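For reference, the structure discussed in these notes is given below.
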Amino acid sequence: MQETLLEVKNLVTSFRTADGTLQAVKDVSFEVKKGETLCIVGESGSGKSVTSLSVIGLLPQNGFIESGEVLLEGNPLQDLSHEQLRKLRGNRISMIFQEPMTALNPVLTIGYQLREPLLLHRNVSKREATVKAVELLKQVGIPNPDKRLKQYPHELSGGMRQRVMIAIALACHPSLLIADEPTTALDVTIQAQILDLINDLKAELEMGVLLITHDMGVVAEVADRVMVMYAGEKIEEGTAEEIFDNPKHPYTKGLLNSVPNVDDPSFELEAIPGSMPGLNEKISGCKFHPRCKFAMDKCLTDVPPHFVDTNGHTAKCWLNEDEEVDTDESDRKATINV
Ligand code: SF4
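When we follow the numbering used here, the leftmost residue of the sequence shown carries the number 865, and every step to the right adds one.
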């Protein structure tokens, strides 16, 4: 059995706004095992990026973890000081952002930005860091690495910059790699190459990967397990196979039906009607009911629990009422005051 690397228990993340304190992530729990990729999926505003920023401690100034726990190899991260968290980032946990041009520093060379985490977290000389930087660029498939080290981000293509971001993220062999929409800004061919690269490096370095995306095509390429989020809540979780072959929540089915299926000529694309509710919108019962074509009377008034089948596949939807209520989720909920 794979070892648990990251454990998030009943995470509640909120933002202080002019309209008061608003919850963006509501009682979300999940795990990432060593050597496993968990994809968090949802539309924009589902809370998936806020979840990942909560894990790595990079919430915007008005954001904060209201309750819950984030444990890396059993150690609580939210108890760490600013300085301790900074040391952890780039070392044991690394993050790849959506747009490499904004994440890379435009006035520093690629070489400087690659050497920085090595000099900061590893006891190496500048010469050793340069040798390692060349190795890293080779590992992520960048040709002429010696030349690239002397270049600035604007001199590289979008795909190259994203590879550099991955090389920086991997510099200190992190146990956990968080990738937030890592291929959204790239064309399809480069996207496939980057996803292959993340897959290969995960296997080679035995990392856990937490990948955030709205794209079910990306999920199909890399996920071992999938967690679907809607309006700040986890609404479905299972193995990638289960989610694709047997989706249980109408929202997940909607996400799958909105991706073209070129292998099936009879497949009809179907958009999910309506839009994600805002943080300050109050919806009774199931939060998805205004958009759900299967909504029943009780969906409008009663919040569904997480139901779980014998494969451990969970869905927060009344359509699965014939299954057991997931007591793991209910027990965890009982221990916190949300
Ligand atoms: Fe639709 Fe009801 Fe299930 Fe919510 S609980 S997703 S409204 S069927």
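Cβ atoms here follow ideal geometry from the backbone N, Cα and C, with glycine treated the same way. It should be emphasised that the depicted structure is a prediction, and the values quoted were computed from it without experimental measurement.
For the ligand SF4, any of its heavy atoms closer than 7 Å to the Cβ of His1177?
-> On the sequence shown, residue 1177 is found 313 positions in, with the first residue counted as 1. Outside the cutoff, so no.
Using the beta-carbon of each residue, find all residues closer than 7 Å to any heavy atom of the ligand SF4 and list them in chain order.
-> His1113, Pro1114, Tyr1115, Cys1150, Phe1152, His1153, Cys1156, Phe1158, Ala1159, Met1160, Cys1163, Pro1168, Cys1181, Trp1182 and Leu1183
Alpha-carbon to alpha-carbon, Leu1000 and Asp1173 | Locating residue 1173 in the sequence shown gives position 309, counting from the first residue. Locating residue 1000 in the sequence shown gives position 136, counting from the first residue. It is roughly 43 Å from the alpha-carbon of Asp1173 to the alpha-carbon of Leu1000.
Of the residues Thr881, Ile1058 and Ile1099, which one's Cα is nearest the Cα of Gly1023?
-> In the sequence shown, the residue the question calls residue 1023 occupies position 159. Of the candidates Thr881, Ile1058 and Ile1099, the one whose C-alpha sits nearest the C-alpha of Gly1023 is Ile1058.
Going by the beta-carbon positions, is the gap between Arg1089 and Thr1077 smaller than 8 Å?
-> Residue numbering aside, residue 1089 sits at position 225 when the sequence shown is read from its first letter. Residue numbering aside, residue 1077 sits at position 213 when the sequence shown is read from its first letter. Not a contact, by the Cβ cut-off of 8 Å.
Does the Cβ of Val1202 have 16 or more other Cβ atoms within 10 Å, making it buried, or fewer, making it exposed?
-> Your numbering for residue 1202 matches position 338 in the sequence shown. With a pLDDT of 34 at Val1202, under the threshold of 50, the modelled position of this residue cannot be trusted, and the question is left open.
Per DSSP, the bridge partner or partners of Leu936 | Stepping through the sequence shown from its first residue, residue 936 is reached at position 72. Beta-bridge pairing links Leu936 to Leu870 and Asn939.
So the alpha helix (DSSP H) Glu1085 belongs to, where does it begin and stop?
-> Here residue 1085 refers to the residue found at position 221 when the sequence shown is read from its first residue. DSSP places Glu1085 inside the alpha helix (DSSP H), whose first and last residues are Met1080 to Val1086.
Extent of the continuous beta strand (DSSP E) to which Ala1043 belongs | If you number the sequence shown from 1, residue 1043 lands on position 179. Element bounds for Ala1043: Leu1040 to Asp1044.
Could you tell me the distance, in whole angstroms, from the CA atom of Asn874 to the CA atom of Thr1178?
-> Working through the sequence shown from its first residue, we reach residue 874 at position 10. Working through the sequence shown from its first residue, we reach residue 1178 at position 314. So the alpha carbons of these two residues sit roughly 16 Å apart.
Only counting runs of 3 or more residues, tell me where the beta strand (DSSP E) segments fall wholly within the segment 1061-1127, in order along the chain.
-> 1072-1077, 1089-1094 and 1097-1103
Are the CB atoms of Ile1136 and Gly1118 nearer to each other than 8 Å?
-> Translated into the one-based positions of the sequence shown, residue 1136 becomes position 272. Translated into the one-based positions of the sequence shown, residue 1118 becomes position 254. Using a Cβ distance threshold of 8 Å, Ile1136 and Gly1118 count as a contacting pair.
Measure the alpha-carbon distance for Glu947 versus Asp1166 and round it to whole angstroms.
-> As a working mapping, residue 947 is identified with position 83 in the sequence shown. As a working mapping, residue 1166 is identified with position 302 in the sequence shown. Approximately 44 Å, taken between the alpha carbons.
Hey, quick one: how far does the alpha helix (DSSP H) through Val905 stretch, first residue to last?
-> Working through the sequence shown from its first residue, we reach residue 905 at position 41. Val905 -> not in any alpha helix (DSSP H); beta strand (DSSP E) instead, spanning Thr901 to Val905.
Of the choices Ser1139, Ala1084 and Met1029, whose alpha-carbon is the least far from that of Pro970?
-> Indexing the sequence shown from 1 puts residue 970 at position 106. Selection Ser1139, Ala1084 and Met1029 evaluated against Pro970 yields Met1029 as nearest (Cα-Cα).
Going by beta carbon distance, what residues of the same chain come within less than 8 Å of Thr973, once the five residues before and after it are set aside?
-> For the purposes of this step, residue 973 is identified with residue 109 of the sequence shown, where counting begins at 1. The answer, listed in chain order, is Leu1013, Lys1014, Gln1015 and Tyr1016.
For Ser893, three-class secondary structure by DSSP = To locate residue 893, count along the sequence shown from 1; it is residue 29. If DSSP states are grouped into helix, strand and coil, Ser893 belongs with the strands.
In chain order, what residues of the same chain have a beta carbon less than 6 Å from the beta carbon of Arg979, not counting five sequence neighbours either side?
-> Sequence index remark: in the sequence shown, residue 979 carries index 115 (1-based). Ala993 and Ala997, listed in sequence order.
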